[in-house]
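*Asks:* Take 61 as the starting number for the sequence shown in my numbering and just add one per residue.
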Amino acid sequence: MKEVLNISGHSVDLKRYNNSWEEVRKFVNTMGCSGVELLIGGEHDNTIPLDLISSIHLPDWLGWMRLWREPESVPADCEPFKLTYYFGAATPEDLIRSFIDNLEKAAGLGAAYAVFHVTHIELDAFFTRNHRYTTREVLFSAALFLNTACKNFPKGEPPVTIGFENLWWPGLTLLSQDEIDFFTNQLEFDNWFFVLDTGHMMNAMDTRTEEDGIRKVLSVMDTLSSATLERIKAVHFHCSISGKYQEENFFCDPPSGFSSLMYGEQISLLMPMVAKLDQHRPFTNPECKMILQKVNPDYLVHEFINRTKEEFEEKIRTQKNCLKN
Numbered sequence: 061m062k063e064v065l066n067i068s069g070h071s072v073d074l075k076r077y078n079n080s081w082e083e084v085r086k087f088v089n090t091m092g093c094s095g096v097e098l099l100i101g102g103e104h105d106n107t108i109p110l111d112l113i114s115s116i117h118l119p120d121w122l123g124w125m126r127l128w129r130e131p132e133s134v135p136a137d138c139e140p141f142k143l144t145y146y147f148g149a150a151t152p153e154d155l156i157r158s159f160i161d162n163l164e165k166a167a168g169l170g171a172a173y174a175v176f177h178v179t180h181i182e183l184d185a186f187f188t189r190n191h192r193y194t195t196r197e198v199l200f201s202a203a204l205f206l207n208t209a210c211k212n213f214p215k216g217e218p219p220v221t222i223g224f225e226n227l228w229w230p231g232l233t234l235l236s237q238d239e240i241d242f243f244t245n246q247l248e249f250d251n252w253f254f255v256l257d258t259g260h261m262m263n264a265m266d267t268r269t270e271e272d273g274i275r276k277v278l279s280v281m282d283t284l285s286s287a288t289l290e291r292i293k294a295v296h297f298h299c300s301i302s303g304k305y306q307e308e309n310f311f312c313d314p315p316s317g318f319s320s321l322m323y324g325e326q327i328s329l330l331m332p333m334v335a336k337l338d339q340h341r342p343f344t345n346p347e348c349k350m351i352l353q354k355v356n357p358d359y360l361v362h363e364f365i366n367r368t369k370e371e372f373e374e375k376i377r378t379q380k381n382c383l384k385n
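(1) Can you find at least 3 beta carbon pairs, one from the segment 78-97 and one from the segment 134-146, that sit closer than 8 Å?
(2) Contact defined as beta carbons within less than 8 Å: I believe Gln237 pairs with Ser285. What is the distance between those atoms, to the nearest angstrom?
(3) Check each candidate in Thr368, Thr378, Asp250, Ser302 and name the one with the smallest Cα separation from Asn78.
(4) Sort Gly102, Phe224, Lys293, Glu83 by Cα distance to Ser68 and report the nearest one.
(5) Can you give the beta carbon distance from Phe343 to Cys382, rounded, assuming they're within the 8 Å contact cut?
(6) Taking just the CA atoms, how far does Glu347 sit from Lys380?
(7) In chain order, what residues of the same chain have a beta carbon less than 8 Å from the beta carbon of Pro131, not counting five sequence neighbours either side?
(8) Determine the direct distance from the alpha carbon of His296 to that of Met262, and round the result to whole angstroms.
(9) To the nearest angstrom, report how far apart Glu358 and Leu183 are at their CA atoms.
(10) Whole angstroms is fine: what's the gap from Val277's alpha carbon to His340's?
(11) Is the segment 191-202 in contact with the segment 152-169, if contact means three or more CB pairs nearer than 8 Å?
(12) Hey, Leu118 and Val175: beta-carbon distance below 8 Å or not?
(13) Kindly identify the DSSP beta-bridge partner or partners of His362.
(14) For Gly317, count the other beta carbons within 10 Å of its own beta carbon; 16 or more makes it buried, fewer makes it exposed. Which is it?
(15) Let me know the secondary structure DSSP gives Trp252 once reduced to three states.
(16) Using C-beta distances below 7 Å, list every residue in its chain close to Glu164, excluding the 5 sequence neighbours before and after it, in chain order.
(17) What is the residue span of the beta strand (DSSP E) that Gly95 lies within?
(18) Could you tell me whether the segment 321-329 touches the segment 257-271, using the rule of 3 or more Cβ pairs below 8 Å?
(19) What residue does the beta strand (DSSP E) around Val175 start on, and which one ends it?
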């Protein structure tokens with residue numbers, strides 16, 4: 061099992077390492093890891109040494125599915141910033157092209173896999189949880205989108221393995237074998253696997269303590285088929301115990317005036333709340349090892365949100381020490 065760290069190609073990340081990928085390499089080695097999972101879309105994507113890359117995380121277009129399913133619903137005067145970072149493009153055709161380009165980029169960078177979020181969220185539904193699409197609608201449309209994109213490659217197979225990551229919004233949650241089968245039975249290509257995100261799974265299950273979260277994840281794993289467990293080749297390993305925070309801050313109307321804000325302003329308001337919901341804490345309970353023993357992944361990603369290199373190091377060491385006990 062290879063242990064990997066998360067980082068992006070954005071300046072905000074690289075400046076913590078004196079704007080040097082070699083400093084990143086030293087940090088990776090010091091942490092006893094073999095490489096990085098690189099979130100692409102940043103200024104420094106094309107400067108990273110290829111041997112430092114383990115995997116790629118594709119850009120997270122939260123609203124791509126509405127552009128794909130209902131392009132007529134995207135306002136003609138939609139701000140360019142929102143088209144690029146929320147919808148992923150201006151038209152369904154451009155969206156497919158961007159996705160294909162990103163898969164080719166990941167392959168060119170030598171990534172073992174490229175992580176893709178199978179989900180959709182409207183920004184007001186972040187608060188209300190009254191979602192535009194059901195889970196099955198998201199899964200159906202995602203499969204159609206992926207099949208359409210992959211038909212552009214030789215033999216209909218993507219040039220890099222696509223890792224489907226679970227979230228807590230409608231789409232791939234990995235909570236239901238029936239929904240997993242509904243999705244995978246529609247895929248017309250085979251170069252894919254699942255990326256289990258333990259914190260995201262905890263977010264979906266009203267988790268309030270680490271011990272409770274570990275038990276709940278293990279309980280879900282017990283309901284999945286052996287074929288599904290075998291397809292879990294990577295784990296984003298972290299803990300999130302935000303059940304109480306979600307209960308107190310969501311299932312309500314958005315703040316007054318939210319819908320009239322520019323997209324950048326909406327995201328600036330949401331991101332601190334996302335960090336409190338999707339906490340990315342290091343595991344401290346040694347029982348977390350049981351999750352890894354259950355799925356036996358090829359890749360373990362220590363995925364944390366951090367403001368400094370020192371904070372990142374502390375979280376990694378905390379989790380790695382937990383795994384040793």
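C-beta: ideal position from N, C-alpha, C; glycine also.
*Replies:* Working from what's here:
(1) no
(2) 6 Å
(3) Thr368
(4) Gly102
(5) 5 Å
(6) 13 Å
(7) Thr151, Pro152
(8) 12 Å
(9) Contrary to the premise, residue 358 reads as Asp rather than Glu in this sequence. Rounded to whole angstroms, Asp358 to Leu183 spans 34 Å at the Cα level.
(10) Taken atom to atom, the span from the alpha-carbon of Val277 to that of His340 is near 15 Å.
(11) no
(12) It is a contact, given that the beta carbons lie within the stated cut-off.
(13) Leu65, Phe297
(14) By the 10 Å Cβ count, Gly317 comes out exposed.
(15) In the three-state DSSP reduction, Trp252 falls in the strand class (E or B).
(16) Pro219
(17) 95-99
(18) no
(19) 173-177
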